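Undergrad:
Residue numbers (my numbering): 1 to 344.
(1) What residue from 112, 248, 292 and 273 has the CA that sits closest to residue 262's CA?
(2) If contact is defined by three or more beta carbon pairs under 8 Å, each pair taking one atom from either stretch, is the stretch 87 to 95 in contact with the stretch 259 to 273?
(3) Measuring straight from C-alpha to C-alpha, what distance separates residue 297 and residue 272?
(4) May I ask you to list the residues that DSSP assigns as paired with residue 42?
(5) Tell me where the alpha helix (DSSP H) around residue 271 begins and ends.
(6) By the 10 Å Cβ neighbour count, where 16 or more other Cβ atoms means buried, how is residue 246 classified, buried or exposed?
(7) Hey, could you find the ends of the alpha helix (DSSP H) residue 94 is sitting in?
(8) So residue 295 is in the alpha helix (DSSP H); what residue range does that whole segment cover?
(9) Here's the rule I'm using: 16 or more other beta-carbon atoms within 10 Å means buried, otherwise exposed. How should residue 306 be labelled?
(10) Does DSSP put residue 37 in a helix, in a strand, or in coil?
(11) Cα separation between residue 33 and residue 46?
(12) Count the other C-beta atoms from every protein chain shown that fall within 10 angstroms of the C-beta of residue 339, then say buried if there are 16 or more, exposed otherwise.
(13) Please classify residue 204 as buried or exposed, where buried requires at least 16 other C-beta atoms within 10 Å of its C-beta.
(14) So is residue 179 buried or exposed if we call it buried at 16+ other beta carbons inside 10 Å?
(15) May I have the straight-line CA-CA distance separating residue 329 from residue 235, to the nearest angstrom?
(16) Check the DSSP bridge columns for residue 30 and list the partner residues they point to.
(17) Could you spell out where the alpha helix (DSSP H) holding residue 183 opens and where it closes?
(18) In three-state DSSP terms, what is residue 314?
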């Protein structure tokens, strides 16, 4: 229905032009938006379409549908190439062919919003079927131990007792006890600024979650997933920087690597959204697995199309890139977990 309507709009406009002797009826001499003298249907200064200042209900409806279809058509055309032709859109954009496709930054904002919205609304058990799970009932002590190793204290680590009371770091239950213990030590053996603040923070968490270790794990996990979008966002320029280093002898600006990176992020978020939906539908779990493999291989094919090197060089650089980026991601996750620990 919409497709036929979209096709009929230009046809009907052509019929009107023919009836008027082939000359377009120009509603305004000057652009209503910026005041520039109009030379064609669209203002060459600001891009606004030349339409009547006051519109009838029919004109309003036609212009609305036309604009909507133009927007949707460009978006889905871009999405199609994004999925089935890795690296194609980045190549087109860097070649200057930009108006035919939806802008990568706008697509990033929209698709990433959808992805993280799905993370928040879909059932967590269904959403993370393909991921390594943390069984809260059996892994509470492992979570506590991992946080202890993250802060790497030299103190004796506390352990969860039978009624789920646990300490995150150190063996002090109150700030007063910690201050007394520190005061009893020689100045040179007292905790430094970082260790002191970590210990005081751990005391606050111990008191807040006393007897509620499962609640602590749930809150920490929720805060981590909420913060994960920020980690990925801040890693985006490093994603492009790694490509710049790997292809330093090729004639590419850093900005061109950045465009390639944004398009890959767009694909990742879109594929991740599909994977999340399909993981929640039992008979489509096989499709979720297939998408997971395509996410892994997609970057390889995108690098091959974008940088025009042999498969041998592309595979080697792909392996180096994946290894390096995973290290950066691990660092980003640890830093994120550290700040969550301070803020939770």
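For every residue, glycine included, the Cβ atom is placed at its ideal position computed from N, Cα and C. Values in this document were obtained by computation on a predicted structure and should not be read as measured data.
TA: So, to answer that:
(1) Start at 1 with the first residue of the chain shown, and residue 262 comes out as number 262. The option with the nearest alpha carbon to residue 262 is 112.
(2) Flag = yes, the stretch 259 to 273 and the stretch 87 to 95 touch.
(3) Counting from one through the chain shown, the residue named residue 297 turns up at place 297. Counting from one through the chain shown, the residue named residue 272 turns up at place 272. Looking at the two C-alpha atoms, the distance is approximately 14 Å.
(4) As a working note, residue 42 is residue 42 in the chain shown. DSSP, once it has assigned bridges, lists 49 as partnering residue 42.
(5) Translated into positions along the chain shown, residue 271 becomes position 271. First-last of the alpha helix (DSSP H) with residue 271: 254 to 279.
(6) Taking the chain shown and counting its residues from 1, the one referred to as residue 246 is at position 246. With a threshold of 16 other beta carbon atoms within 10 Å, residue 246 meets it and is buried.
(7) Your numbering for residue 94 matches position 94 in the chain shown. Taken as a continuous stretch (DSSP letters only), the alpha helix (DSSP H) holding residue 94 covers 88 to 94.
(8) Residue 295 sits at position 295 when you count from the first residue of the chain shown. Taken as a continuous stretch (DSSP letters only), the alpha helix (DSSP H) holding residue 295 covers 285 to 307.
(9) Within the chain shown, the letter at position 306 stands for residue 306. Buried is the label assigned to residue 306, since at least 16 other Cβ atoms lie within 10 Å of its Cβ.
(10) Along the chain shown, read from residue 1 onward, the residue named residue 37 stands at position 37. Three-state result, residue 37: strand.
(11) Position 33 of the chain shown, counting from 1, holds the residue named residue 33. Position 46 of the chain shown, counting from 1, holds the residue named residue 46. If you take the alpha carbons of residue 33 and residue 46, they lie about 8 Å apart.
(12) By 1-based counting over the chain shown, the position of residue 339 is 339. Under this definition residue 339 is an exposed residue.
(13) By one-based count along the chain shown, residue 204 stands at place 204. Residue 204 comes out exposed.
(14) For the purposes of this step, residue 179 is taken as residue 179 along the chain shown, with counting starting at 1. Around the beta carbon of residue 179, fewer than 16 other beta carbons sit within 10 angstroms, so the residue counts as exposed.
(15) To locate residue 329, count along the chain shown from 1; it is residue 329. To locate residue 235, count along the chain shown from 1; it is residue 235. Spanning the two alpha carbons is a distance of roughly 7 Å.
(16) Numbered from its first residue, the chain shown carries residue 30 at position 30. Residue 30 pairs with 37.
(17) For the purposes of this step, residue 183 is taken as the residue at position 183 of the chain shown. Bounds of the alpha helix (DSSP H) holding residue 183 are 175 to 183.
(18) To locate residue 314, count along the chain shown from 1; it is residue 314. Here residue 314 sits in helix by DSSP.
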